[in-house]
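In mature numbering (1 follows the signal peptide of the UniProt record, and there is no 0), the protein residues as written are -30 to -1, 1 to 334.
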């Protein structure tokens, strides 16, 4: 089956239009990766990681809304430890803090693990579009339109009312379509019916291959997934679903911090390449930094509070701009004024939230 929806970044200047993949590995990271790259610590154990293809294969679940529509989704994280071990999900105890939020959907789960959701619809028909800002400041983009949009009742978090009020991270992959409409077992999916991070999907086998994202934590290379964001700009940059309803999660304490560099070094061959300007230009992933993440602990959550960091004019003129791979290092540079918020002052929250479950560390 051929895709009927094109997905890519439209980077528009006065003389050119360049379209590149939003999540395919490219640029300096891919070029420097060892041939025998492997996962050294995997957190989402229900997934099968393929670093040659940069995908993770997850079980594809079929549920329904109480009004009858089919819901195709994956499970990545859960607030209950015993359930995480039983299902191979990442234990995210902080999600329990979100169980009473307005945005957290309500569901029931039967003895076979089938979910019936009370609410939450997604429109996958929009075409994902990103028009770059004027060079050399490609960020912020002139236009950012997400490829999927949740309604006023959709967030990825789900509280199961008939099972101890356990909270799952259950992002939706496709909505209100039969299995024949999303059967792209060999790739080239139709992004008008599935989320833009899908590499291939096979309902008959009950699996979906999702594109991995590249980042850092504690000085190490990390792979993670991206499903939802409460701002359309972030959703477009992350190839994920725009889910404005999830904004209330920011005030719940069920979040961690992720840093995104804005104006890092440019150039596909530069080993210090990083940031949104480079990513929007098409040089490779932005290489975000998960703050203080080393291991799953009582504070872990897949919901990340986005904080933009911009190299100051002084830092650039002094040649101090480099690749940042550790949250403590970034915070020290913010305290010294080398990194600042684009809004002025120290690096701080933007009010943007992304749903980015960790998959594992690699040996790169």
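Ideal Cβ placement from N, Cα and C applies to all residues, glycine included.
{"Asked": "Flag this pair as yes or no: are the beta carbons of residue 327 and residue 195 separated by less than 7 Å?", "Found": "yes"}
{"Asked": "Let me confirm a value: residue 249 is counted as buried when at least 16 other C-beta atoms fall within 10 Å, else exposed. Which label applies?", "Found": "buried"}
{"Asked": "Start and end of the beta strand (DSSP E) containing residue 323?", "Found": "319 to 325"}
{"Asked": "Going by DSSP, what residue range makes up the alpha helix (DSSP H) through residue 57?", "Found": "51 to 57"}
{"Asked": "Would residue 101 pass as a contact of residue 112 if the rule is Cβ separation under 7 Å?", "Found": "yes"}
{"Asked": "Does the Cβ-Cβ distance between residue 136 and residue 49 come in under 7 Å?", "Found": "yes"}
{"Asked": "Would residue 128 pass as a contact of residue 77 if the rule is Cβ separation under 7 Å?", "Found": "yes"}
{"Asked": "Alpha carbon to alpha carbon, how far is residue 16 from residue 179?", "Found": "12 Å"}
{"Asked": "Along the chain, where does the beta strand (DSSP E) containing residue 27 start, and where does it finish?", "Found": "25 to 29"}
{"Asked": "I need the straight-line Cα distance from residue 243 to residue 234, nearest angstrom please.", "Found": "6 Å"}
{"Asked": "With distance defined between alpha-carbon atoms, name the residue in 281, 318 and 239 nearest to residue 294.", "Found": "281"}
{"Asked": "If residue 322 sits next to residue 197, beta carbons under 8 Å apart, how far is it from one beta carbon to the other, in whole angstroms?", "Found": "Not confirmed; about 14 Å, so no contact."}
{"Asked": "Which one or two residues does DSSP pair with residue 155 in a beta bridge?", "Found": "In DSSP, residue 155 forms no bridge with anything."}
{"Asked": "Residue 252: buried (16+ other C-beta within 10 angstroms of its C-beta) or exposed?", "Found": "buried"}
{"Asked": "Since residue 296 and residue 188 should fall inside the 8 Å C-beta cutoff, what is the C-beta to C-beta distance between them, to a whole number of angstroms?", "Found": "6 Å"}
{"Asked": "Please determine, among 228, 254 and 200, the residue with the shortest C-alpha to C-alpha distance to residue 240.", "Found": "254"}
{"Asked": "Tell me the DSSP secondary structure of residue 11 in three-state form.", "Found": "strand"}
{"Asked": "For residue 131, which of helix, strand or coil comes out of DSSP?", "Found": "coil"}
{"Asked": "Measuring alpha carbon to alpha carbon, tell me which of 138, 162 and 149 ends up nearest residue 271.", "Found": "138"}
{"Asked": "DSSP three-state call for residue 113: helix, strand or coil?", "Found": "strand"}
{"Asked": "Under 8 Å by Cβ, that's how I've got residue 41 and residue 145 pegged, so tell me the actual separation to the nearest angstrom.", "Found": "6 Å"}
{"Asked": "Under a three-way DSSP split, which group does residue 67 fall into?", "Found": "helix"}
{"Asked": "To the nearest angstrom, how far is it from the Cα of residue 125 to the Cα of residue 287?", "Found": "43 Å"}
{"Asked": "Taking the C-alpha atoms as reference points, what is the distance between residue 160 and residue 151?", "Found": "9 Å"}
{"Asked": "Which first and last residues belong to the beta strand (DSSP E) in which residue 160 is found?", "Found": "Looking at the DSSP string, residue 160 is not in any beta strand (DSSP E), and its letter there is neither H nor E."}
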